[in-house]
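Report on the following structure.
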Amino acid sequence: MELKWKIKPFEALTVQELYDLLQLRSEIFVVEQNCVYLDLDGKDKKALHLIGELNGKIVAYSRLFDAGISFDNASIGRVVVDANYRDRKFGHDLMREAIAEIKSNFGKDKITIGAQLYLKKFYESHGFVQTSEMYLEDDIPHIEMVKE
Numbered sequence: 001m002e003l004k005w006k007i008k009p010f011e012a013l014t015v016q017e018l019y020d021l022l023q024l025r026s027e028i029f030v031v032e033q034n035c036v037y038l039d040l041d042g043k044d045k046k047a048l049h050l051i052g053e054l055n056g057k058i059v060a061y062s063r064l065f066d067a068g069i070s071f072d073n074a075s076i077g078r079v080v081v082d083a084n085y086r087d088r089k090f091g092h093d094l095m096r097e098a099i100a101e102i103k104s105n106f107g108k109d110k111i112t113i114g115a116q117l118y119l120k121k122f123y124e125s126h127g128f129v130q131t132s133e134m135y136l137e138d139d140i141p142h143i144e145m146v147k148e
């Protein structure tokens with residue numbers, strides 16, 4: 001079964017969508033990765049929210065930013081797939097959709113991400129190239145990557 005995609009600015013999110021996407025982010029980035037950090041960083045209001053739903057449940061999500069908000073280039077962040085659905089390769093669908101939406105909404109081809117190091121090969125499969133040394137963000141190894 002394919003995901004149903006929605007792209008919304010912050011103001012268009014329903015209360016239920018906002019709750020569900022924050023819950024998913026918390027389940028993965030805080031609980032699964034055992035990382036205490038402030039997820040609510042003030043950038044949600046500046047993002048386009050890409051939501052992948054299956055039978056009405058959010059199972060894939062990312063934030064999309066125009067240039068100058070997170071990086072000098074357009075960017076994709078908070079890339080997350082519900083752990084119960086990772087065997088379906090929805091992460092690849094999410095990245096293809098995110099890249100297309102950056103182009104469609106911001107007219108940009110060049111995209112920068114701050115990637116968790118263990119996902120380097122995953123992002124490389126979508127055309128991203130490592131552009132920085134490893135750095136720690138919230139005690140998790142990250143690298144900066146760019147897609148031209």
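Using full-length UniProt numbering, you'd call the opening residue of the sequence shown number 1 and step up by one each time.
From the three backbone atoms N, C-alpha and C, an ideal C-beta is built for every residue, glycine too.
DSSP places Q33 in the coil class of the three-state scheme, outside both helix and strand. K46 sits in a helix when the DSSP states are folded into three classes. A straight line joining the alpha-carbon of Q23 with that of V59 spans about 11 angstroms. Beta-bridge analysis with DSSP links K103 to no other residue.
Only exposed fits N34, as fewer than 16 other CB atoms lie within 10 angstroms of its CB. Assigned with DSSP and collapsed to three states, S125 falls in coil, not helix or strand. Distance from the Cα of A67 is smallest, within the candidate group K103, F90, I51, for K103. The C-alpha of E144 lies about 9 angstroms from the C-alpha of Q116. Excluding its 5 nearest sequence neighbours in each direction, K8 has C-beta neighbours in its own chain below 8 angstroms: E17, L48, H49, I51, listed in chain order. Distance from the CA atom of G114 to the CA atom of G77, rounded to whole angstroms, is 7 angstroms.
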